[in-house]
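*Asks:*
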Amino acid sequence: MATQDHIVIEQLDKIFTTGRGERQVQALDRLSLKIPDGHFFSVLGPSGCGKSTLLRIVGGLIEPTAGTVSIGNGSGPREAQRGKEIGFVFQEPGLLPWKTVTGNVETALELNNKANRPIQNTTQEMLELVGLEAFADAYPYQLSGGMQQRVAIARALCFDPRLLLMDEPFGALDAITRQMMRYELLRIWERAQKTVMFVTHSIPEAIVVSDAVAVLSPRPGRLRGVVEIDMPRPRTEEMERSQVFLEYADQLTRLLREGDDHGTSH
Amino acid sequence: MEQATEFVQTPAISASARMRRRLRTFAEVVLPPTIFFGLAITAWQVYVTVKEIPTIIMPKPSEILARLLEDPHYFFIENGMVTFTEALSGFVIGSIAALMLAVFLARSRALERSIFPLAVVIRATPLIVIAPLLIIWFGYSIYPKIIMAALLCFFPVLVNTIIGLRSVSPTSLEFFHSVAASEWEILTRLRAPHALPYVLSAFKTAVTLSVIGAVVAEWSGAGEGLGRLIFWQASLLNQPSVFAAIVVLALMGVALTLMVAWLEKILLFWHESSLVG
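Line by line, the protein sequences give chains Z and R.
Under the numbering used here, the first residue of the first sequence carries the number 1, and numbering increases by one thereafter.
Under the numbering used here, the first residue of the second sequence carries the number 267, and numbering increases by one thereafter.
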């Protein structure tokens, strides 16, 4: 693939110190990754493997103990943050409950008004993109979990960042909504054309959405391997029942279990 | 869009439906306490009359009302307004000072750690005990009353505001950090609106305390006001006047609480607690 790398992660270590500095937990161990520009890239691993930590380091929310992250033309996460180049979607929507859907997106725009985009038009555009134009004046408590998460996506995309970081964005949703949101996200991504770094612990979710999936081991998070998902786009629900899909699922499952002494999943 | 049905839409309420709802609210919310209150007052009146209890022990409600209507200007304006002014000034000054200190303390963990425990201790202390000292320091003027009221309001507002400013949703905070929002943006757009329910809840406590503060400071020494009126008339065993002043104080407390409730209703339309019912 001839595209440039958007994110280059090199030899990343993260050690958390807990309990009055007595206990140390290594969350990430010499992790290196390259994410090409415009790719939908997933990080897959069991709970506690440090995948969220990895995403927070890339997003400039926490500092690594060692190693470097370079975003775009060699700038660090903090610089990318200040350049308003990172849109973050978290597991919880984290919307402002006192603002309407429109107000939430507008707030994000006002905080990030780098190119003086017309706020009203952009907000409307964003709500259309995530399919919520009919709910522009609704308050978060009036929306379902899935709709709130769509607002969170609109909020992260509205200021046109080049990179979208998603930390198990559908983790708190019910299975049916979750399934639907995968395709909804892909539709949005195909229109918005961003590099996406997507953290998940769901194998089918990772395969459906991604161009490539990185598999992490638990405690400490080490890279077990990167699997390129070579399936045509747009992805459809039928593909989830195809032979290729099942082979990828099998391959990822094996990678996840590698080095697991008991040979069982937990 | 299948999720559309999940949206809780407020149905357009027709005029007749609204009328019916008002009647129901009246029957469920207004009527029962009114009946109970009426019964209690009647029982009081009947008991005192039948048992022939002397007025200097317990006056009849009718006597209290007669005294109040005999000279409403004396109770409501000459003395009531004085206490009201003291309480309200104290509430406003104490609350504003508390809000400013809270914003300042919430900026730094170290500062908060050193001052917050002290604030909690002082909040748990019955501060009214210093009222006599305030009279010694500031004399018989209106100032010791305002200071007393302000002090009583200060600590609940301070403690609640700090808790409110601190307890923002971690995800919202992370979002603000992820776009490199400034401390000022986080304060004005996230922490302050989030703290509002906490602040208003403290205001509700504080308005009541402000009246207590003003009255107690008046007991310690004053030329006018309802507290001083009660203290003075009680020494003359003029119970109808004492009770009439208490009625005015109760009305004042209700008025101040309603004022805060009204503020809450306007500001907190989005808050869960205002969504019930």
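All residues carry an ideal CB built from backbone N, CA and C; glycine is no exception.
Bear in mind that the values here come from a model prediction, so they are computed numbers and not experimental data.
Ser435/R touches chain Z at which residues, Cβ-Cβ below 8 Å?
*Replies:* For the purposes of this step, residue 435/R is taken as the residue at position 169 of the second sequence. Simply Glu92 and Gly94.
*Asks:* Roughly how many angstroms lie between the CA atoms of Thr236/Z and Glu106/Z, to the nearest whole one?
*Replies:* Residue mapping note: residue 236/Z aligns to position 236 of the first sequence, counting from 1. Residue mapping note: residue 106/Z aligns to position 106 of the first sequence, counting from 1. One C-alpha to the other measures close to 33 Å.
*Asks:* Do you know offhand how far Met484/R's Cα is from Leu492/R's?
*Replies:* If you number the second sequence from 1, residue 484/R lands on position 218. If you number the second sequence from 1, residue 492/R lands on position 226. The amino acid occupying residue 484/R in the given sequence is Glu; Met does not appear at that position. Cα to Cα, Glu484/R sits roughly 8 Å from Leu492/R.
*Asks:* How should Trp189/Z be labelled, buried or exposed, when 16 other C-beta atoms within 10 angstroms of its C-beta is the threshold for buried?
*Replies:* For the purposes of this step, residue 189/Z is taken as the residue at position 189 of the first sequence. Classification for Trp189/Z: buried.
*Asks:* Just to confirm, is the Cβ distance from Lys42/Z to Ser210/Z under 7 Å?
*Replies:* Here residue 42/Z refers to the residue found at position 42 when the first sequence is read from its first residue. Here residue 210/Z refers to the residue found at position 210 when the first sequence is read from its first residue. Note on residue identity: the sequence assigns Ser, not Lys, to residue 42/Z. Going by C-beta atoms, Ser42/Z is nearer than 7 Å to Ser210/Z.
*Asks:* In chain R, which residues lie with their C-beta within 9 Å of the C-beta of Pro169/Z?
*Replies:* The residue you call residue 169/Z lines up with position 169 of the first sequence. Within 9 Å Cβ-Cβ: nothing; Pro169/Z doesn't reach chain R, min ~11 Å.
*Asks:* Assuming contact is defined by CB atoms lying nearer than 7 Å, are Ser507/R and Arg333/R in contact in what I supplied?
*Replies:* One-based indexing of the second sequence puts residue 507/R at position 241. One-based indexing of the second sequence puts residue 333/R at position 67. Going by C-beta atoms, Ser507/R is nearer than 7 Å to Arg333/R.
*Asks:* Which ranges does the alpha helix (DSSP H) cover as unbroken runs of at least 4 residues, wholly within the segment 165-237 of chain Z, from first to last along the chain?
*Replies:* The qualifying runs are 175-192 and 203-209.
*Asks:* From the DSSP output, in three-state form, read off Gln142/Z for me.
*Replies:* Your numbering for residue 142/Z matches position 142 in the first sequence. Helix.
*Asks:* Classify Ile402/R: buried if its beta carbon has 16 or more other beta carbons within 10 angstroms, exposed otherwise.
*Replies:* Translated into positions along the second sequence, residue 402/R becomes position 136. By the 10 Å Cβ count, Ile402/R comes out exposed.
*Asks:* In whole angstroms, give me the CA-to-CA distance for Phe382/R and Pro422/R.
*Replies:* Reading the second sequence from its first residue, position 116 is the one you call residue 382/R. Reading the second sequence from its first residue, position 156 is the one you call residue 422/R. Using only the alpha carbons, I get a separation of about 12 Å.
*Asks:* Just curious, the alpha helix (DSSP H) that Gly304/R is in, first and last residue?
*Replies:* In the second sequence, the residue the question calls residue 304/R occupies position 38. Unbroken alpha helix (DSSP H) run through Gly304/R: Leu297 to Val316.
*Asks:* What residues from chain Z crowd round Trp450/R, counting only those whose CB sits closer than 8 Å?
*Replies:* Residue numbering aside, residue 450/R sits at position 184 when the second sequence is read from its first letter. Within chain Z, no residue comes near Trp450/R; the closest Cβ sits about 11 Å away, beyond 8 Å.
*Asks:* On the CB-based measure, 16 or more other CB atoms within 10 Å of its CB, does Ala206/Z come out buried or exposed?
*Replies:* To locate residue 206/Z, count along the first sequence from 1; it is residue 206. By the neighbour-count rule (16 or more Cβ atoms within 10 Å), Ala206/Z is buried.
*Asks:* Under 8 Å Cβ to Cβ from Ala249/Z, same chain only, skipping five residues before and after it: list those, please.
*Replies:* For the purposes of this step, residue 249/Z is taken as residue 249 along the first sequence, with counting starting at 1. Around Ala249/Z: Ile203, Pro204 and Ile207.
*Asks:* Do Ala192/Z and Leu157/Z count as a contact pair if the criterion is CB distance below 7 Å?
*Replies:* For this step, residue 157/Z is matched to residue 157 along the first sequence. For this step, residue 192/Z is matched to residue 192 along the first sequence. Contact flag set, yes.
*Asks:* Determine, for Ala446/R, whether the minimum Cβ-Cβ distance to residues of chain Z falls below 7 Å.
*Replies:* Here residue 446/R corresponds to residue number 180 of the second sequence, with the count starting at 1. Judged by the 7 Å Cβ criterion, Ala446/R is in contact with chain Z.
*Asks:* Excluding five sequence neighbours on each side, which residues of the same chain lie with their C-beta closer than 8 Å to the C-beta of Gly103/Z?
*Replies:* Counted from its first residue, the first sequence places residue 103/Z at position 103. Cβ within range, chain order: Leu96.
*Asks:* Could you check whether Ala511/R and Ile330/R sit closer than 7 Å to each other, using their CB atoms as the reference points?
*Replies:* As a working mapping, residue 330/R is identified with position 64 in the second sequence. As a working mapping, residue 511/R is identified with position 245 in the second sequence. Taking 7 Å as the Cβ cut-off, Ile330/R and Ala511/R do not qualify as a contacting pair.
*Asks:* With a cut-off of 8 Å on the beta carbons, I'd call Arg287/R and Ala372/R a contact; round off their distance for me.
*Replies:* For the purposes of this step, residue 287/R is identified with residue 21 of the second sequence, where counting begins at 1. For the purposes of this step, residue 372/R is identified with residue 106 of the second sequence, where counting begins at 1. Not a contact, Cβ separation roughly 41 Å.
*Asks:* If I measure Cβ to Cβ from Arg155/Z and keep anything under 7 Å in the same chain, skipping five residues before and after, which residues do I get?
*Replies:* On the first sequence, position 155 is the one that residue 155/Z refers to. Excluding sequence neighbours, Arg155/Z sits near Asn104, Val105 and Ala108.
*Asks:* Beta-carbon separation of Gln505/R and Thr321/R under 7 Å?
*Replies:* Taking the second sequence and counting its residues from 1, one reaches residue 505/R at position 239. Taking the second sequence and counting its residues from 1, one reaches residue 321/R at position 55. Yes. Within cutoff.
*Asks:* Less than 6 Å between C-beta atoms, sequence neighbours within five positions excluded: which residues of the same chain meet that for Gly87/Z?
*Replies:* Position 87 of the first sequence, counted from the start, is the residue given in the question as residue 87/Z. Here the set comprises Ala156, Leu157, Pro161 and Leu164.
*Asks:* Could you tell me whether any Cβ in chain Z is nearer than 7 Å to the Cβ of Pro459/R?
*Replies:* For this step, residue 459/R is matched to residue 193 along the second sequence. Chain Z contact via Cβ: present.
*Asks:* Of the residues that make up the segment 352-386 of chain R, which ones have a beta carbon closer than 9 Å to any beta carbon in chain Z?
*Replies:* Residues: none.
*Asks:* Comparing the C-beta of Tyr139/Z with each C-beta of chain R, is any distance below 7 Å?
*Replies:* Here residue 139/Z is taken as the residue at index 139 of the first sequence, counted from 1. At least one chain R Cβ lies under 7 Å of Tyr139/Z.
*Asks:* Residues in the same chain with beta-carbon distance under 8 Å from Met525/R, minus the five sequence neighbours each way, listed in chain order, please.
*Replies:* Position 259 of the second sequence, counting from 1, holds the residue named residue 525/R. Hits under 8 Å: Val473.
*Asks:* What number of angstroms, rounded off, separates the C-alpha of Glu240/Z from the C-alpha of Leu246/Z?
*Replies:* Residue mapping note: residue 240/Z aligns to position 240 of the first sequence, counting from 1. Residue mapping note: residue 246/Z aligns to position 246 of the first sequence, counting from 1. Cα-Cα distance, rounded: 8 Å.
*Asks:* Determine whether the Cβ of Gln81/Z lies closer than 7 Å to any Cβ atom of chain R.
*Replies:* Residue mapping note: residue 81/Z aligns to position 81 of the first sequence, counting from 1. Output row for Gln81/Z: interface = yes.
*Asks:* Thinking just about the alpha-carbon of each residue, which of Ala521/R, Met414/R, Pro325/R and Pro299/R is nearest to the one in Ile359/R?
*Replies:* Start at 1 with the first residue of the second sequence, and residue 359/R comes out as number 93. Here the closest residue by C-alpha is Met414/R.
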